[in-house]
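For the sequence shown, the working numbering gives the first residue as 3, with consecutive numbering after it.
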Amino acid sequence: MKKKTNIKKTIKLLIQILFTAIAITIVVNKLDLSQIKNTLSSTNLFYLFLAFLMFNISKIISSIRLNRFFDDINLKLSQSYNLKLYYLGMFYNLFLPGGIGGDGYKIYILKKYFNQKILTMTKVMLLDRISGLIALLFLTGVLGLFSSFTNYTYISYLTIAGVILIYPITILLYKYKFSEFLKSFQITNFQALLVQLFQVFCAYFIVLSFGGSTDIFDLLVIFLISSIVAVLPLTVGGIGARELTFIYLLQFLGKEPTIGVALSVIFFLITALSSFIGVSFINYKWSEKQ
Numbered sequence: 003m004k005k006k007t008n009i010k011k012t013i014k015l016l017i018q019i020l021f022t023a024i025a026i027t028i029v030v031n032k033l034d035l036s037q038i039k040n041t042l043s044s045t046n047l048f049y050l051f052l053a054f055l056m057f058n059i060s061k062i063i064s065s066i067r068l069n070r071f072f073d074d075i076n077l078k079l080s081q082s083y084n085l086k087l088y089y090l091g092m093f094y095n096l097f098l099p100g101g102i103g104g105d106g107y108k109i110y111i112l113k114k115y116f117n118q119k120i121l122t123m124t125k126v127m128l129l130d131r132i133s134g135l136i137a138l139l140f141l142t143g144v145l146g147l148f149s150s151f152t153n154y155t156y157i158s159y160l161t162i163a164g165v166i167l168i169y170p171i172t173i174l175l176y177k178y179k180f181s182e183f184l185k186s187f188q189i190t191n192f193q194a195l196l197v198q199l200f201q202v203f204c205a206y207f208i209v210l211s212f213g214g215s216t217d218i219f220d221l222l223v224i225f226l227i228s229s230i231v232a233v234l235p236l237t238v239g240g241i242g243a244r245e246l247t248f249i250y251l252l253q254f255l256g257k258e259p260t261i262g263v264a265l266s267v268i269f270f271l272i273t274a275l276s277s278f279i280g281v282s283f284i285n286y287k288w289s290e291k292q
């Protein structure tokens, strides 16, 4: 059974590598690489530092939200311990396919040193991702109302309906599938919104580092959509998937994709650099709980 599982994982990884290679090839063929190079080489380092800061603030808030979920199941972790584990999870997510390797490591540590059930921990990690996705969809809808996508009437109607309905639907989801977390519904969903908002600030400062853009709302909305696409286990670490999202959606709007792809590349580099903070916790003694 274990051998079959390993074979399936290997096949899945090979498929992801193949899709990543295909996506990168399409991106390279659709862009003028010299324009991308010029855009990246002329970035303002001060704005990039602010983007890096905004990204890491979002991750700190995200770790606080996750710790609130832990508290709901009577798992008491100090925020310092939780943050270290969170950053190490980010590091593993960077290299392991599907972006869930870090979640698996956190589950392993919490089972080993806190006697937590794997099923319970898996449920917490799943809800953590769901709450993030809900906030992502809501913020995408709100910003979308100020973007060029509203030039298409049917998109406007769908967006308004989505913004209105998403949280009532979320309450029902919590009530019937995650009832033990209902008591923290308001605070955790507010924190999830803050996480996505600071990521939007990150993207905004990246665009400013290129000199700004008159299409800022379009870029930010597509950035959020690309974040949703990157979560899907299609490519390794979302590489290529984000860039293709920018290319096709900006072309759909009749706009040039160079800045969008440059934004995607810089955001990935900021993510990678931030994730390497977790390296310093690889040898941390997790048995020393506090």
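The beta carbon of each residue, even a glycine, is placed where N, CA and C say it ideally should be.
Q) Less than 8 Å separating the beta-carbons of L105 and E182? A) As a first step, residue 105 must be located in the sequence shown, where it is residue number 103. As a first step, residue 182 must be located in the sequence shown, where it is residue number 180. Inspection of the sequence shows that residue 105 is occupied by Asp rather than by Leu. Taking 8 Å as the Cβ cut-off, D105 and E182 do not qualify as a contacting pair.
**Q.** Reference F200, options L175, I63, T216, closest by Cα
**A.** As a working note, residue 200 is residue 198 in the sequence shown. That would be I63, whose Cα lies nearest to the Cα of F200.
Q | Residues near T152 in its chain [Cβ-Cβ closer than 6 Å; skip 5 each side] | A | Here residue 152 refers to the residue found at position 150 when the sequence shown is read from its first residue. The residues are S158.
Q | Where I136 sits in the DSSP three-state scheme | A | Within the sequence shown, residue 136 is the residue found at index 134, counting from 1. Three-state DSSP puts I136 in a helix.
Q: For my contact list, T247 and I224 are in at a C-beta cut-off of 8 Å; report their separation, rounded to the angstrom.
A: For the purposes of this step, residue 247 is identified with residue 245 of the sequence shown, where counting begins at 1. For the purposes of this step, residue 224 is identified with residue 222 of the sequence shown, where counting begins at 1. Indeed, because the Cβ distance is near 6 Å, the residues count as touching under 8 Å.
Q. Going straight from the alpha carbon of S277 to that of S65, what length do you get?
A. Sequence index remark: in the sequence shown, residue 277 carries index 275 (1-based). Sequence index remark: in the sequence shown, residue 65 carries index 63 (1-based). Using only the alpha carbons, I get a separation of about 13 Å.
(Q) Using CA atoms only, rank isn't needed, just tell me which of A194, T172, L195 is closest to L184. (A) Along the sequence shown, read from residue 1 onward, the residue named residue 184 stands at position 182. Of A194, T172, L195, the residue nearest in Cα terms is T172.
(Q) Once DSSP output is grouped into helix, strand and coil, what is the label at K287? (A) To locate residue 287, count along the sequence shown from 1; it is residue 285. Three-state DSSP puts K287 in coil, outside helix and strand.
Q) Are the region 226-233 and the region 133-144 touching, with three or more C-beta to C-beta distances below 8 Å? A) Short answer: they touch.
Q: Just confirm the distance between the C-beta atoms of S215 and R244, as a whole number of angstroms; I'd bet it's less than 8 Å.
A: In the sequence shown, the residue the question calls residue 215 occupies position 213. In the sequence shown, the residue the question calls residue 244 occupies position 242. The pair is not a contact, with the Cβ atoms about 17 Å apart (cut-off 8 Å).
Q) At what residues does the alpha helix (DSSP H) containing P170 begin and finish? A) Reading the sequence shown from its first residue, position 168 is the one you call residue 170. Residues 155-179.
(Q) Assuming N69 and N58 are in contact, meaning their beta carbons sit under 8 Å apart, how far apart are those beta carbons, in whole angstroms? (A) Position 67 of the sequence shown, counted from the start, is the residue given in the question as residue 69. Position 56 of the sequence shown, counted from the start, is the residue given in the question as residue 58. Their Cβ separation, rounded to whole angstroms, is 17 Å, which puts N69 and N58 out of contact at 8 Å.
(Q) Given this structure, state the Cα-to-Cα distance separating N95 from P235, to the nearest angstrom. (A) As a position in the sequence shown, residue 95 is number 93, starting the count at 1. As a position in the sequence shown, residue 235 is number 233, starting the count at 1. Near 12 Å, if we compare the C-alpha coordinates of P235 and N95.
(Q) Considering only their Cβ atoms, is the gap separating F269 from I208 smaller than 8 Å? (A) Working through the sequence shown from its first residue, we reach residue 208 at position 206. Working through the sequence shown from its first residue, we reach residue 269 at position 267. Contact: yes.
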